[in-house]
Amino acid sequence: MSINMVKIGVVSCSGEDCLGGTISRLATRKMLDEVRPDATVTICLPLFLAGGVEERGFAEKFPTISVDGCSKTCAKRATEKYSGKVSAAIDVTDLIGKEVAEAGALSTRNLTDEHKAMVEKVVSEITAKFDEVLKTAQRDLVSKGLAMIGSGSSGGCGCGPK
6 MSINMVKIGV VSCSGEDCLG GTISRLATRK MLDEVRPDAT VTICLPLFLA GGVEERGFAE
66 KFPTISVDGC SKTCAKRATE KYSGKVSAAI DVTDLIGKEV AEAGALSTRN LTDEHKAMVE
126 KVVSEITAKF DEVLKTAQRD LVSKGLAMIG SGSSGGCGCG PK
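Residue 136 in this note's numbering sits at position 131 of the sequence shown, and the numbers go up by one each step.
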């Protein structure tokens, strides 16, 4: 197995009550679609809470990052209750402020440039945490002999430069 095959789950808030929930979901979707499409798996929080075997199993075996829209941290708490400690946690209120995050819900059709900037700020934070978690996961796989460094396509070793 090449270390490129590491997948990281991102569990976002499913709350519809506040702007923070919308921002967390949009940022998570952007990770999946644009930023790290080959290494990101989203985990459906409602299905996870309802006992979804695949969601819970993934979160038990692979690193996960929770992205919560408010300080209730439902995504983090649920993941840790049913599957184990998250590898990283993001609370949107820490990035955009509690008052803003807890403001009323907003339809994605009504996003302003300011809201889009909030999404980008959260995406930047997820990306930073993602890269840290990925590096740790890759190191762990290599140290356990479950993966090797390098693309594996050259037929050579992954020892580094000669």
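Using N, Cα and C, we set each Cβ at its ideal position, and we do this for glycine too. Note that the structure is predicted; figures quoted are calculated from it, not measured.
What residue range is occupied by the uninterrupted alpha helix (DSSP H) comprising Asp118? Against the sequence shown, residue 118 aligns to sequence position 113. 118-148 is the extent of the alpha helix (DSSP H) around Asp118.
Could you check the C-alpha separation between Val105 and Leu24 for me, to the nearest Å? Stepping through the sequence shown from its first residue, residue 105 is reached at position 100. Stepping through the sequence shown from its first residue, residue 24 is reached at position 19. Val105 and Leu24 have their C-alpha atoms spaced approximately 7 Å apart.
Quick check on the DSSP output: the beta strand (DSSP E) that includes Thr45 runs from which residue to which? Looking up residue 45 in the sequence shown gives position 40. In the DSSP annotation of this structure, the continuous segment of the beta strand (DSSP E) that includes Thr45 starts and ends at 45-48.
Identify every residue that forms a DSSP beta bridge with Asp73. Within the sequence shown, the letter at position 68 stands for residue 73. Its beta-bridge partners are Asp96.
Would you please state the rounded distance, in angstroms, between the beta carbons of Ile95 and Met123? I believe it to be under 8 Å. Position 90 of the sequence shown, counted from the first residue, corresponds to residue 95. Position 118 of the sequence shown, counted from the first residue, corresponds to residue 123. About 13 Å; that fails the 8 Å criterion.
With 16 as the cutoff for other CB atoms within 10 Å, does Glu149 come out buried or exposed? As a working note, residue 149 is residue 144 in the sequence shown. The displayed chain sequence assigns Lys, not Glu, to residue 149. Result: exposed.
Cutting at 8 Å between CB atoms, please list the residues of its own chain near Gly89, excluding the five before and the five after it. As a first step, residue 89 is located in the sequence shown; it is residue number 84 there, counting from the start. Taken in chain order, the residues that qualify are Ala64, Glu65.
Using DSSP's beta-bridge definition, name the partner residues of Gly14. Residue numbering aside, residue 14 sits at position 9 when the sequence shown is read from its first letter. The partner list for Gly14 (beta bridge, DSSP) reads Val46, Thr69.
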